[in-house]
Amino acid sequence: ASEEAHDLYSFTSIINERFTYPEKKQLVVNLWEIALADAHIDPQEDHIIRRIAGLLSVDHSDVIHARAKARDQ
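Our numbering puts the first residue of the sequence shown at 8, with every later residue one more than the last.
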């Protein structure tokens, strides 16, 4: 778990340095689209996407909107 947390932090740190806020929101939409590829969001998928969004400082309301946008596509 500690190694996973470090990996997520490293991954999101690079994104935080290089992506604008709208790009981060789109990335979260894309993560939801991947999770929805099988028409089901597993609780583990939900957890990791929310965790990544938090590390990217994406507002909770934008995370909810991103999930709805991905679901509607």
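Each residue gets a CB set at the ideal place from its N, CA and C atoms; glycine is no exception.
At a Cβ-Cβ threshold of 8 Å, T19 and L63 count as neighbours. Per the coordinates, the alpha-carbon of D79 lies some 31 Å from the alpha-carbon of D14.
The residue among I22, D49 and E10 with its C-alpha nearest the C-alpha of A60 is I22. For S68, the enclosing alpha helix (DSSP H) stretches over residues H67 to D79.
Per DSSP, L43 lies in no alpha helix (DSSP H) segment and is marked neither H nor E.
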